[in-house]
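Engineer: Next up is a structure, given as structure tokens.
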Amino acid sequence: MDAVTPANAQTADAHSHLVRPDSMEWQKTRFPGCEAKTLLFDRKTGLMTALMRFAPGAVLPDHEHVNIEQTYVLEGSLVDKEGPAKGIECKAGEFIWREEGSRHVAWCPQGGLMLAIFQVPNKFFEADGRVIDAAGEDWDAAWGHTRKG
Numbered sequence: 030m031d032a033v034t035p036a037n038a039q040t041a042d043a044h045s046h047l048v049r050p051d052s053m054e055w056q057k058t059r060f061p062g063c064e065a066k067t068l069l070f071d072r073k074t075g076l077m078t079a080l081m082r083f084a085p086g087a088v089l090p091d092h093e094h095v096n097i098e099q100t101y102v103l104e105g106s107l108v109d110k111e112g113p114a115k116g117i118e119c120k121a122g123e124f125i126w127r128e129e130g131s132r133h134v135a136w137c138p139q140g141g142l143m144l145a146i147f148q149v150p151n152k153f154f155e156a157d158g159r160v161i162d163a164a165g166e167d168w169d170a171a172w173g174h175t176r177k178g
């Protein structure tokens, strides 16, 4: 596995990797009101586990989960603002997972803190027709290799 853990991680015999999120800085994303602490990221496969923090009213725009996405809400709530599951709300202490190909707009009306696990980075759909990843890179160029069997 080509996984990367934060610099402050403690590794034992290259099998166990202890990550201390409390000593990590929150990283701004390109989405207003959304910050992340990446706990695990595999550049080859796209597997990512992160703590995500959303300010009240923050929106994660139109995106598709390329593979299964899992979220455990620690504080606040996560609401489907648009999409087939519009109105579904996952509150603190609850877990939600989304099937491959699910597409929606996510919203945190009161803000939120959650643990999110992505098997492959999301596809974000821009108004100009581009399909990009969370970093703003062309999705196919960056992650198309993960879809080839």
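FYI, in this note's numbering the residues of the sequence shown are 30 to 178.
A virtual CB, placed ideally from N, CA and C, is assigned to each residue, including glycine.
All values derive from a computational prediction rather than experimental measurement.
Tell me, to the nearest whole angstrom, how far the beta carbon of residue 62 is from that of residue 106; I am working on the premise that it is less than 8 Å.
Structural biologist: Counting from 1 along the sequence shown, the entry for residue 62 is found at position 33. Counting from 1 along the sequence shown, the entry for residue 106 is found at position 77. Not confirmed; about 14 Å, so no contact.
Engineer: Can you give me the start and stop residues for the alpha helix (DSSP H) that residue 169 sits inside?
Structural biologist: Residue 169 sits at position 140 when you count from the first residue of the sequence shown. Here the alpha helix (DSSP H) through residue 169 covers 168-172.
Engineer: What is the DSSP secondary structure of residue 161, counted as helix, strand or coil?
Structural biologist: Residue 161 sits at position 132 when you count from the first residue of the sequence shown. Strand at residue 161.
Engineer: With a cut-off of 8 Å on the beta carbons, I'd call residue 148 and residue 85 a contact; round off their distance for me.
Structural biologist: For the purposes of this step, residue 148 is taken as residue 119 along the sequence shown, with counting starting at 1. For the purposes of this step, residue 85 is taken as residue 56 along the sequence shown, with counting starting at 1. With a Cβ gap of about 29 Å, residue 148 and residue 85 do not count as contacting.
Engineer: How should residue 152 be labelled, buried or exposed, when 16 other C-beta atoms within 10 angstroms of its C-beta is the threshold for buried?
Structural biologist: Translated into the one-based positions of the sequence shown, residue 152 becomes position 123. Buried, since its Cβ has 16 or more Cβ neighbours within 10 Å.
Engineer: Any idea what DSSP makes of residue 90, helix, strand or coil?
Structural biologist: The sequence position of residue 90 within the sequence shown is 61, counting from 1. Correct three-state label for residue 90: strand.
Engineer: Quick check on DSSP: helix, strand or coil for residue 74?
Structural biologist: On the sequence shown, residue 74 is found 45 positions in, with the first residue counted as 1. Correct three-state label for residue 74: coil.
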